Amino acid sequence: MAGLYQFPEGQIIAFALVFLRIMAFVVAWPVFGTSNFPVHVKVLLALVLAMIQFPVTTFENTQLIQINDQIIFMSVRELCLGLALGFLMRMYFFAVSIAGEIMSVTMGLGAAQLYNPAMGSQSNVLEQFEVMLATLFFLVMNGHHLFLGGLAESFHLVPVAAIGLKTEAFASITPMIQSIFLIGLKISAPVLVSIFLAQIAMGIIGRAVPQINVLVTSFPVTVLLGLAVLIVTTPLFVGEMDGLTNVMAARFFQFMKVL
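The numbering of the sequence shown is my numbering, which starts it at 2 and goes up by one.
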């Protein structure tokens with residue numbers, strides 16, 4: 002019976018490398034990587050995924066696994082790769098967070114801060130709402146299935162124990178980061194435009210009727226108008242999230258192919 006629990010040293014190291022990539026990916030996940038999920042749950046999830054992935058994983062240079070000097074290098078490589086893949090997935094929610102922050106400040110809700118236990122910091126009420134809504138849409142549209150499939154595909158496109166990583170791949174992340182702000186601005190555009198037009202209208206009314214205190218009146222008008230536009234444009238937000246999921250998935254696979 003003792004022989005059933007004896008594994009070659011090379012297989013143990015190979016499994017550890019697969020586990021490190023998956024563990025780093027899970028930690029960087031926006032849904033399961035937050036502090037709402039206990040550490041032991043993340044480790045257990047990564048361990049289960051590694052046990053499923055390991056039997057079908059191919060290794061490019063099995064000789065390197067037997068070299069002790071290369072184990073640390075390969076471990077760091079798998080950690081960096083897993084974190085990079087998880088970060089690409091997290092960009093989906095960065096854009097939504099930026100959009101929520103822009104809308105909050107524009108509507109005058111910038112001072113309404115709540116403690117976000119998932120991030121361990123203060124965040125805006127509207128920002129939290131947008132992120133939770135995006136998370137719901139992400140799960141409903143099976144976005145987690147898409148990226149779990151991408152994680153499994155990464156072991157074929159970027160084999161474990163490969164010689165190295167191409168620096169051009171990490172340079173390709175820069176335009177992706179730049180597009181986050183444009184996407185966030187696009188999501189918040191309906192609220193920004195409507196409030197901008199409302200401010201112009203309030204300015205004209207203030208000039209025409211000086212007796213009206215525009216400064217006091219404009220605040221509730223801005224908040225109510227912003228919330229109304231946000232509710233009306235929710236179907237557009239859903240469509241934008243669907244398109245954003247496809248874009249992030251395409252860039253996810255593009256990044257792995259460059260590697």
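The beta carbon of each residue, even a glycine, is placed where N, CA and C say it ideally should be.
None of these values were measured; they are calculated from a predicted model.
Can you tell which of the options has its C-alpha closest to the C-alpha of residue i?
i      : options                        : result
Leu231 : Arg91, Met104, Leu147          : Met104
Ala251 : Gly144, Val222, Thr234         : Gly144
Leu198 : Ile14, Arg91, Thr223, Ile213   : Thr223
Met52  : Ala85, Ala153, Gly240          : Ala153
Thr136 : Gln12, Val32, Met108           : Val32
Glu241 : Met108, Val215, Met177, Ala190 : Ala190
Leu237 : Lys187, Gln200, Phe55          : Lys187
So what does DSSP say about residue i, is it helix, strand or coil?
i      : result
Asn125 : strand
Phe60  : strand
Val132 : helix
Val159 : coil
Leu18  : helix
Thr223 : helix
Quick one: what's got a C-beta closer than 8 angstroms to residue i's C-beta in the same chain, skipping five residues either side?
i      : result
Val132 : Phe94, Val97, Ser98, Gly101
Leu147 : Thr246, Ala250
His157 : Thr59
Val239 : Phe138
Roughly how many whole angstroms lie between the Cα atoms of residue i and residue j?
i      : j      : result
Lys258 : Thr246 : 19 angstroms
Leu45  : Phe26  : 13 angstroms
Ile13  : Val77  : 17 angstroms
Ile23  : His41  : 14 angstroms
Our contact map puts residue i next to residue j with C-beta atoms below 8 angstroms; I'd like the distance itself, whole angstroms only.
i      : j      : result
Gly87  : Leu21  : That belief does not hold up - the Cβ atoms of Gly87 and Leu21 are roughly 13 angstroms apart, past 8 angstroms.
Met75  : Leu110 : Not quite, the Cβ-Cβ distance comes to about 48 angstroms (not below 8 angstroms), so this is no contact.
Val192 : Met108 : 7 angstroms
Ile206 : Val215 : 7 angstroms
Ile201 : Met92  : Not quite, the Cβ-Cβ distance comes to about 34 angstroms (not below 8 angstroms), so this is no contact.
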